[in-house]
Every structure is written in structure tokens, then in C-alpha cells.
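Student: Residue numbers (full-length UniProt numbering), protein chains in the order written: chain F, 1 to 297; chain G, 1 to 297. Here's a structure for you.
Okay, here's the thing in C-alpha cells:
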């Protein structure tokens with residue numbers, strides 16, 4: 001029997017020896033799931049697509065398109081390989097991080113609010129150049145953000161879970177926070193990152209510092225941040241919050257100095273060509289019996 | 001008599017042999033203007049500061065802090081040197097150009113509009129990565145923008161008034177426009193740039209292209225752009241417009257796909273340390289009788 005693959009897109013180059021079925025995460029999955037050996041999970045398509053995994057008796061490999069796959073691990077049967085979407089989102093997230101930083105520094109919310117009234121009222125703004133930026137989380141996304149910050153002549157201070165040549169350890173944060181104009185968090189959710197930025201850390205920041213989060217919302221104590229923003233001590237620009245969605249009546253939505261986008265950093269257009277190239281490469285490897293890339297565990 | 005200098009800031013390192021008077025462009029200028037030999041014009045302070053120039057009988061040099069000084073030339077007496085603020089605004093303008101590009105590509109106006117309602121409604125957006133960007137105007141600001149675009153893996157196509165190695169000439173625009181996802185204009189106002197982007201050029205752009213202007217508003221035919229944006233053919237992100245201020249009832253203010261900031265690209269915080277360093281260097285040169293830098297004409 002021909003090996004079957006279940007894909008979210010119909011415009012991929014697929015080796016002739018594979019038979020393709022489609023499921024983009026909307027509507028009903030294909031009725032015939034027998035013989036599906038390779039399943040590419042639709043990206044950012046809610047809770048249904050992973051539920052299909054236990055219903056695929058011939059399954060040999062699952063390709064996720066997100067970098068984090070912690071939620072999938074319990075669903076993967078023994079002997080089934082899991083590959084993640086490491087790197088596919090780097091540029092998209094880096095772009096959005098820069099968008100948040102520049103929006104906050106250059107007062108974009110103010111100018112956009114003025115537009116409906118046709119107001120030409122102007123004022124000089126903050127800048128990104130010359131700012132000292134703590135980049136907390138220094139994997140591939142962090143390095144993509146760093147390239148942008150270097151282009152803008154900001155001073156980048158990389159911070160990772162463990163110190164290494166040119167990179168500070170996260171245990172040095174108490175000394176680093178008082179020196180920061182901007183803190184950008186690009187951290188996964190795990191026991192070591194949860195609540196990393198709380199009341200004490202926010203109090204250590206200089207007046208008017210900007211806290212940006214494009215990693216996972218749990219890295220920040222939301223209540224402590226809300227208080228600090230409400231008191232006008234720090235500003236915030238967040239693509240991720242804890243909890244998500246942020247309740248619609250939460251004060252962070254409307255406090256001056258708070259910018260919130262609804263977890264959209266990773267999924268912009270730049271993701272798709274990169275994701276499709278990865279899936280095509282994996283399909284070619286799968287058809288030839290070669291090892292997959294981006295394997296987890 | 002000691003040489004006197006008229007400065008907009010009181011926190012500069014000034015050679016001991018110079019006597020300092022201050023005028024920041026607000027309030028009344030100092031009563032005693034005799035002996036002022038060097039005048040640093042306050043930046044972006046309206047029409048009053050230049051009017052002081054003819055009232056300075058001992059004047060030897062004027063330092064402007066803007067890059068463009070066309071409006072000052074008629075006021076400069078024979079024999080008085082004029083230096084401009086070339087380079088001081090590069091980073092500030094480049095940052096704002098990136099802020100406009102990213103705001104448009106990543107739908108920031110939409111997310112900011114959603115904030116007051118606490119709405120977590122989300123959708124994937126455009127990206128900057130992979131976009132083909134015509135960078136029209138390739139001086140020091142254009143190159144600062146290019147560094148940002150390269151960091152974001154956009155494809156940069158530099159265009160200058162004359163073609164040279166690796167740079168297209170402005171006469172090639174008809175061939176280049178149909179290939180552009182984004183056009184960024186960084187042009188001075190002169191007879192060669194006025195109305196450069198009109199009805200025909202806008203029609204040559206692909207559907208949904210983004211037109212960004214951080215140079216001078218006159219490079220774009222405002223009526224033609226308004227029509228193209230209203231018809232949903234192109235998007236616009238403008239820091240400069242023609243005329244300025246844009247009348248408060250102008251349709252560009254409120255058209256979907258139109259972002260307007262009130263000519264604030266150049267004057268952010270990153271300007272001041274650079275401007276102060278230049279003025280300190282010029283004062284040192286002036287005190288020693290050395291030639292000034294950034295001289296015009």
C-alpha cells in the first residue's frame with residue numbers, strides 16, 4: 001500500500017510515491033485515515049487537529065509547525081517521531097517585537113488616535129537608538145531581534161538561562177534590570193521562566209522603562225505589571241499575556257502606556273514560505289527513508 | 001571683546017574663550033545680541049529663530065540642526081558661513097520609517113483600535129520579511145533604513161537620482177514599480193522630486209503595495225494617492241504630506257489603509273545626543289579658528 005500523508009496545504013511539491021490527503025484544521029477531517037503515516041499539523045488551528053493523532057493507526061511521524069510542542073508530547077504514541085517548527089517563526093516574531101518596541105518608543109498609538117480627528121498636533125518622542133536593551137531569551141528568535149536592534153544602534157545585552165561568552169545568565173537580572181531602558185522577553189513557558197518578572201523585578205527597572213513580551217505570557221506576573229503600569233513606573237508592549245485571552249475587562253487593555261496585540265507575533269506571511277519549504281524537505285526525506293530534521297526528543 | 005555664541009542648550013561643553021548666551025526658540029531672545037559670532041538655531045522651533053539672523057551684526061557662522069537649509073539661505077548675509085545638521089536625524093528618521101512599515105504590515109492600527117474593547121480577535125498579518133522594497137532616496141538616511149530592512153530579510157532595491165553600481169536611477173522607476181511590495185520615499189523637496197509619485201506611478205504598483213514617505217510630502221501627488229488608497233489599490237504610511245499640516249477634514253486621515261504621523265520622524269531622542277556632539281565639535285573648531293564641518297555652499 002502506498003504511504004499516505006496528511007497535509008494542511010495543497011500547493012506543495014510532494015514526492016510521487018506519496019499519496020496526499022488534506023486537512024487544514026477547519027471542517028471535518030478526511031473520512032479515510034487508514035494508511036496515514038505522516039501528519040503535518042495545521043498551524044495555529046485550535047484544539048481539534050492534535051485530537052486526530054490517536055486516530056491514525058499507521059502513523060510514523062508528526063510534523064508540528066510551532067516551535068513549542070509540549071502540549072503534543074502526551075498525544076504522540078510510542079515509536080512515532082515528532083518534528084517541530086523550530087526557526088519558522090523567528091523572523092515573524094522578531095518583526096513583531098520590533099513593531100512593538102518602535103510603536104511604544106515613537107508614540108504610534110498617540111498618532112493613530114489623533115487620525116480620526118485630523119489632528120496635526122506633534123511632539124518629539126523617545127527613540128530606540130542608544131537605548132540599552134535587555135534581550136532575555138537568546139535563541140534563534142532572540143538573535144533575529146538582535147540583528148534589528150543592532151541596525152538601529154541600540155545597545156543589546158543578551159541574557160540566557162545560563163551565562164556564556166558574551167551572554168549574561170538569568171541569575172544576573174537583579175544587577176542588569178536597573179540599567180535597562182527596554183526589556184524584551186522571548187522565553188518559553190517552563191518552571192524556570194514562570195513569574196520571572198514580578199513585583200521586585202519591575203521595581204528594579206528605571207522609571208519609564210519599557211517591558212516587551214513576545215515569548216510566553218507566564219514569564220510576567222500580570223498583576224504586578226498592571227500595578228507598575230497603572231502607577232506610571234513602567235510601560236508595557238505585550239503580544240502574550242497570562243491568561244490568554246486577557247479578559248476583556250482587564251485594566252491592562254486601557255491603561256496609558258500599555259500596548260497589547262492578541263498573540264499575533266508568530267503567524268505573519270513570512271512564516272508560510274518557510275513552513276512550506278520545511279514540509280517539502282521533510283516529505284522528500286520521508287519518501288526516501290532518510291532521517292527527518294527538527295526531531296524532538 | 002570675547003567672542004559670544006548663542007546656543008539652544010545650556011548643558012554643552014563650551015571652550016573657555018567663548019561667552020555663551022541661550023535662546024531655545026521659546027520666549028524672548030536675549031536683549032544683548034552684540035558680539036554674537038556663532039548662532040546655533042534651535043531645532044524645529046518654528047519661524048522665529050531664523051528671524052534673529054539679520055539682527056546679529058557680528059555674526060560669522062550659523063549652525064542649523066536640520067539637514068535641509070533651503071529656507072535659511074536667503075537670510076544668511078554675505079560672508080557668514082552656514083553649517084547644516086546632515087546626519088543628525090538619520091537614525092531617528094530610519095526608526096520612524098521602520099515603525100511605519102511594520103505598523104502597516106503587522107496591522108498595528110487594528111490591534112490598537114481593538115484595545116479599548118478588550119478584544120482578543122486575531123488574524124495572521126502581512127510581513128516585512130521577503131518583501132521587495134524600493135528605497136527611493138539613497139543618502140545617509142536611506143542607508144540607515146537599508147540596514148534595518150536587511151536585518152529583517154527584506155529585499156532592498158536602492159534607487160537614487162542617478163544610477164550607479166548597485167543603485168538604480170530614478171528614471172528606472174517605471175520598470176521597478178510593478179515589482180515592489182513596498183516603496184519608501186526619502187527624498188528632499190526639489191524640482192526633480194516634486195510629484196514624482198503621481199497617478200501613473202501609483203497605477204504601476206501591484207495591488208495592495210505600501211507607499212511610505214519620510215522625506216518631503218511634495219514627492220507624492222496627494223490627490224492621486226488619496227484616490228488610489230480610497231479605491232483600495234495601495235496602502236499608505238506617511239510622516240510627511242503635501243500640504244502640511246494636512247487639513248483636518250482631508251479624506252486621507254480616515255481612509256482604511258492610510259497611516260499618518262504628523263512629521264515626527266526626525267525629532268526623536270536619538271537626535272539630541274548627536275546634535276549636541278556636533279555643536280560641541282563646531283564650538284571647539286570655532287574657538288580655535290579651525291574650519292567648521294557640515295558647511296553648506
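No residue lacks a Cβ here, since even glycine has one placed at the ideal position from N, Cα and C. All values reported here derive from a predicted model rather than from experimental measurement.
1. If residue 258 (chain F) and residue 212 (chain F) are in contact, beta carbons under 8 Å, what's the gap, nearest whole angstrom?
2. Should residue 262 (chain F) be labelled buried (16 or more other beta-carbon atoms within 10 Å of its own) or exposed?
3. Is residue 117 (chain F) near residue 106 (chain G), with beta carbons less than 7 Å apart?
4. Using 10 angstroms around the beta-carbon of residue 190 (chain F), count the other beta-carbons present and answer buried if the total reaches 16, otherwise exposed.
5. Answer with buried or exposed for residue 84 (chain F), where buried requires no fewer than 16 other C-beta atoms within 10 angstroms of its C-beta.
6. Answer with buried or exposed for residue 207 (chain G), where buried requires no fewer than 16 other C-beta atoms within 10 angstroms of its C-beta.
7. Quick one: is residue 248 (chain G) near chain F, going by C-beta distance under 7 Å?
8. According to DSSP, is residue 213 (chain F) helix, strand or coil?
9. What runs of the beta strand (DSSP E), each 3 residues or longer, lie entirely inside the segment 113-167 of chain F?
10. For residue 12 (chain F), which option in F:158, F:276, F:296 has the closest C-alpha, if you only look at C-alpha atoms?
11. Run through the DSSP bridge pairs and tell me what residue 22 (chain F) is partnered with.
12. Mind checking the segment 214-232 of chain F against chain G and listing, in chain order, the residues whose C-beta falls within less than 7 Å of any C-beta there?
13. Out of G:82, G:67, G:152, G:221, point me to the one whose CA is closest to residue 140 (chain G)'s CA.
14. Any beta-carbon of chain G closer than 7 Å to the one on residue 108 (chain F)?
15. Would you decide whether residue 34 (chain F) is buried or exposed? Buried here means 16 or more other CB atoms lie within 10 Å of its CB.
16. On the criterion of 16 or more Cβ atoms from any shown chain inside 10 Å, does residue 37 (chain F) qualify as buried, or is it exposed?
17. Smallest Cα separation from residue 182 (chain F): which of F:278, F:256, F:233?
18. Determine the extent of the beta strand (DSSP E) in which residue 105 (chain G) is found, giving its start and end residues.
19. 7 Å is my cut-off, CB to CB: does residue 154 (chain F) come that close to chain G?
20. With a cut-off of 7 Å, does the C-beta of residue 184 (chain G) fall near any C-beta of chain F?
21. Closer than 8 Å is the cut-off here; do at least three beta carbon pairs connect the segment 268-284 of chain G with the segment 127-143 of chain F?
22. Return the CA-CA distance between residue 242 (chain F) and residue 111 (chain G), expressed in angstroms with no decimal places.
23. Cβ of residue 277 (chain G) less than 7 Å from any chain F Cβ?
24. Which one or two residues does DSSP pair with residue 40 (chain G) in a beta bridge?
25. Between residue 141 (chain F) and chain G, is there a C-beta pair that is closer than 7 Å?
26. Quick check on residue 53 (chain F): does DSSP put it in helix, strand or coil?
27. Identify the contact partners of residue 126 (chain F) in chain G, using a Cβ-Cβ distance below 7 Å as the criterion.
28. Determine the direct distance from the alpha carbon of residue 5 (chain G) to that of residue 77 (chain G), and round the result to whole angstroms.
29. Compute the Euclidean distance between the alpha carbons of residue 252 (chain G) and residue 109 (chain F), then round it to the nearest angstrom.
30. Give the C-beta separation of residue 89 (chain F) and residue 264 (chain F) to the nearest angstrom, bearing in mind that I take them to be a contact with Cβ-Cβ under 8 Å.
31. Quick one: is the Cβ of residue 138 (chain G) within less than 6 Å of any heavy atom of the ligand GTP?
32. Mapping the DSSP letters down to three states, classify residue 81 (chain G) as helix, strand or coil.
33. Residues of the segment 111-122 of chain F in Cβ contact with chain G at a cutoff of 9 Å, in chain order, please.
34. Just mark residue 17 (chain F) as buried or exposed, buried being the case when its beta carbon has 16 or more other beta carbons within 10 Å.
35. Indicate whether residue 80 (chain G) and residue 52 (chain G) have their beta-carbon atoms separated by less than 7 Å.
36. Pick out whichever of G:239, G:245, G:235, G:222 has its Cα sitting closest to the Cα of residue 256 (chain G).
Tutor: Working from what's here:
1. Residue 258 (chain F) to residue 212 (chain F), Cβ: 12 Å. No contact.
2. buried
3. With respect to residue 106 (chain G), residue 117 (chain F) sits apart: the two C-beta atoms are not nearer than 7 Å.
4. exposed
5. Looking at its Cβ environment, which holds 16 or more other Cβ atoms inside 10 Å, residue 84 (chain F) is buried.
6. exposed
7. Yes, residue 248 (chain G) counts as interfacial toward chain F.
8. strand
9. 132-136, 155-160
10. F:276
11. F:7
12. none
13. Out of G:82, G:67, G:152, G:221, G:67 has the C-alpha closest to the C-alpha of residue 140 (chain G).
14. yes
15. exposed
16. With 16 or more other Cβ atoms within 10 Å, it is buried.
17. F:233
18. Secondary structure note for residue 105 (chain G): it is in no beta strand (DSSP E), and the uninterrupted alpha helix (DSSP H) holding it is 90-105.
19. False, the Cβ-Cβ gap to chain G never drops below 7 Å.
20. no
21. yes
22. 18 Å
23. no
24. In the DSSP output, where bridge partners are listed per residue, residue 40 (chain G) has G:63.
25. no
26. helix
27. 268, 269
28. 17 Å
29. 18 Å
30. Not a contact, Cβ separation roughly 11 Å.
31. As far as ligands go, the structure on display features none, and thus does not contain the ligand GTP.
32. strand
33. 111, 112, 113, 114, 115, 116, 117, 118, 119, 120, 121, 122
34. exposed
35. no
36. G:235
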